[in-house]
Amino acid sequence: MNKTIRRAAVFSLLLVLALLVRATWVQAYEAKALANDEGNRRKVIAQYAQPLGDIIVAGSPVTGSEGTDSGDLAYRRTYTDGALYAAVTGYSSQAYGATQLEGIYSGVLNGTDDRLKNPLAALTRAQQKPGDVLTTIDPAVQKAGFEALGDAKGAAVAIDPETGEILGMVSTPSYDPSSISGTNDGDTWRTLTADEDKPLVNRALRQPLPPGSTFKLVVAAAALEDGLYGSVDERTDSPDPYRLPGTVTDLENENPSAPCENATIRAALQYSCNNVFGKMAVDLGQDKVRAMAEKFGFNDDEQDVPVRASASVYPQGMNASSTALTGIGQFDVTATPLQMALVSSAIANDGVLASPHMVSKVVSADGDTLRSYEDGEARRIVSSATAEQLRSAMVTVVEDGTGSNARIPGAEVGGKTGTAQHGENNSRTPYAWFTSYAESPDTGKQVAVAVVIEDSGAERSEVSGNGLAAPVARTMTEAALR
C-alpha cells in the first residue's frame, strides 16, 4: 500500500476512534449533567410536557396547571390565591425558573425525580406522573396574617412550638405567581423586579432587619442561664441613665418616666428598659450573648425550612459600647421574622426548640411517601426553669406592659415589643416588631408568632411594636388557637 494512503488511513481511523471515545464519554458520563443543564431546552419541554404536581395546603391544592395554545411547552403553572401563598410556594415560570417550594421540589412536581420511577421506567427513562408536596400551613392562620398586614410592607411567621410546623408565612407586598408563569410575561417581570418594595423577596425568610427590643429576650435568657441574675424578679444593677462604656453618650429609654433604675428583668421587659439590657449585655460580655443567640439560631447560614432562610446575625469583635447596643437589638444585630418566632417558640416549648419546617410530606402520584418531615429534630436551648420565668415575664408585658394589643380573652399570651432604629441617627421610619407565644386552656393549642412592619405609611410618632405589629400577631394567634 502506498505510504501516503496508509498514513491517511491510520489518521482517519484515529479520528473515528476519537469520535467513538468522545461519544461514549458524553453518553455514559456527561449525559445527566447535560440533561440537567439550565440551557437545555429539552429539560424545560419535559418539565411542562404534562400537568405539574401540586403544593397542598390543608388537603387542597393551591397550585394547578393549564394547557397552552402554542409553542412546545404544553402546560403552564397556575395558582389559587396566588398572592396569599406566594411566600410559601414561590413561583414556577417557563421563562424565569422556579423558586422556594416550586424550585426545591421541581423534580417531584414535574415527574423527573428518580424516586418516582419504577425499575422499568428507570431503564427507559420514561417520565413519570408527578408527585405532590404537602405543607404544614394552616389556611386560616395564613389568611389572617395576610389580611392583617394589608398594604403594609412587612412579614409574619407563625409556628407550632411543640412540632416546629410553620402554620403561616406571609410577606407583603406580595405578587401573583400566575402572572409570571408563562413565556410572554416580560412586562410583569420587569415591573416586579424594578419595584422598590421588592414583592418577589420573601421578607419572612430573606430580609434580616434589626430586631430592636425583641432581642432583649435573648439577653435575658443568657443572664438567667449564666446565673448573672437568679430570677426575673431579682433587682438588677442598672443605673438610669446608663452611660455607654468609653463614651459620653447615655443609653436612653423610650419612656423617661418608666421605673427602669435597677429594674428587675420582669419590669425591664414590661417597660422595655434599654439601660437594663444594655448594661446586662456588657456585664455578660459579647461572647456569652453570642453563644445564647447562636443556640436560638443566629449566625446559622444553613437554616432550611426547607427553603433556606438568610442568616440572622449577632456580630463579633465589638467594643463595650457596641456590645451594649446589641443588648437592645441594635448595632449590627439582624434577625428575620422566622428567627424571632423561633425565640418565642423555644421559650413556649419549655426551653426546647423543635426544628421548623413548612413541609410535612412529599408523596408520589399514588400517595406513597417519598419523604416525611413530621418528626423534626429538637434541641434544648434553655433550662425548663429559665423558660418558665421568661414566659411569666412575657405575660406581664402583654397584661401590664407595652404589649397590650396582643391580649386575647381566655388565652395565655406572652410577648415582647420592639421598635428598631432605621437609617443614620434613626433618620428613617423605625421598624415595628412583635414576637409572642400563646396557649389556649380550652384546646391546649399553642402558637409562637413574630411580626415585623417595615413601613405601614403611619406617621413616625405612631410607629411602635404594640401599635402596628402586635395586632397582626393577635389576629394570627386567634386563628391558630381556634
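Residue numbers (the numbering used here): 919 to 1400.
Note that the Cβ used here is the ideal one computed from N, Cα and C, for glycine as well.
Could you check whether residue j and residue i sit closer than 9 Å to each other, using their CB atoms as the reference points?
i: Ser1131; j: Lys1334; result: yes
i: Ala1122; j: Ala1209; result: no
i: Leu1067; j: Ile1371; result: yes
i: Tyr1147; j: Asn1171; result: no
i: Gly1082; j: Ser1282; result: no
i: Leu1260; j: Leu1271; result: yes
i: Ala1387; j: Ala1350; result: yes
i: Ala1138; j: Leu1187; result: yes
i: Val1300; j: Pro1348; result: no
i: Leu1085; j: Ile1098; result: no
i: Gly1245; j: Lys1206; result: no
i: Pro1117; j: Tyr1093; result: yes
i: Ala1199; j: Ser1230; result: no
i: Tyr1355; j: Met1312; result: yes
i: Ser1310; j: Gly1269; result: no
Based on the DSSP secondary-structure assignment, which residues constitute the bridge partners of residue i?
i: Met1087; result: Val1075
i: Gly1333; result: Ser1354
i: Ile973; result: Val1051
i: Ala1016; result: Ser1010
i: Ala1181; result: According to DSSP, Ala1181 bridges with nothing at all.
Comparing the CB of residue i with every heavy atom of the ligand MG, is any distance shorter than 8 Å?
i: Ala1073; result: In the structure shown, the ligand MG is absent, as is every other ligand, since no ligand is present at all.
Exposed or buried, what is residue i when buried is set at 16 or more other beta-carbons lying within 10 Å of its beta-carbon?
i: Gly1104; result: exposed
i: Phe929; result: exposed
i: Ile923; result: exposed
i: Pro969; result: buried
i: Thr1182; result: buried
i: Ala941; result: exposed
i: Asn920; result: exposed
i: Leu952; result: Low per-residue confidence applies at Leu952: pLDDT is 46, beneath 50, and the placement is therefore not dependable enough to give any value.
i: Ser1024; result: buried
i: Lys1134; result: buried
i: Ala1211; result: buried
i: Leu938; result: exposed
i: Lys1047; result: exposed
i: Leu932; result: exposed
i: Asp987; result: exposed
i: Ala1227; result: buried
i: Ser1158; result: The amino acid occupying residue 1158 in the given sequence is Asp; Ser does not appear at that position. That one is buried.
i: Leu1027; result: buried
For the beta strand (DSSP E) that contains residue i, what are its first and last residues?
i: Val1280; result: Val1277 to Val1281
i: Leu1052; result: Asp1050 to Thr1053
i: Ile1371; result: Gln1364 to Asp1373
i: Val1270; result: Val1270 to Ala1272
i: Ser1290; result: Thr1287 to Ser1290
i: Ala1296; result: Ala1296 to Arg1298
Using the three-state DSSP reduction, which class does residue i fall into: helix, strand or coil?
i: Ile1246; result: coil
i: Glu1346; result: The displayed chain sequence assigns Arg, not Glu, to residue 1346. Residue state, collapsed to three classes: strand.
i: Pro1129; result: coil
i: Pro979; result: strand
i: Ile963; result: helix
i: Leu991; result: coil
i: Glu1143; result: helix
i: Gly985; result: strand
i: Leu1169; result: strand
i: Ala1186; result: helix
i: Val939; result: helix
i: Val1136; result: helix
i: Arg1226; result: strand
i: Arg1400; result: coil
i: Thr996; result: strand
i: Tyr1160; result: strand
i: Ala927; result: helix
Would you give the residue range spanned by the alpha helix (DSSP H) that residue i belongs to?
i: Val1059; result: Pro1057 to Leu1067
i: Arg1124; result: Arg1121 to Arg1124
i: Ala1266; result: Pro1255 to Ala1266
i: Thr1252; result: Here Thr1252 belongs to no alpha helix (DSSP H), and DSSP marks it neither H nor E.
i: Val1150; result: First-last for Val1150: undefined, no H or E at that position.
i: Val1316; result: Ser1302 to Asp1318
i: Thr1106; result: Gly1104 to Ala1112
i: Val1231; result: Element bounds for Val1231: n/a, residue is neither H nor E.
i: Arg1208; result: Gln1204 to Phe1214
i: Leu1027; result: Ser1024 to Asn1028
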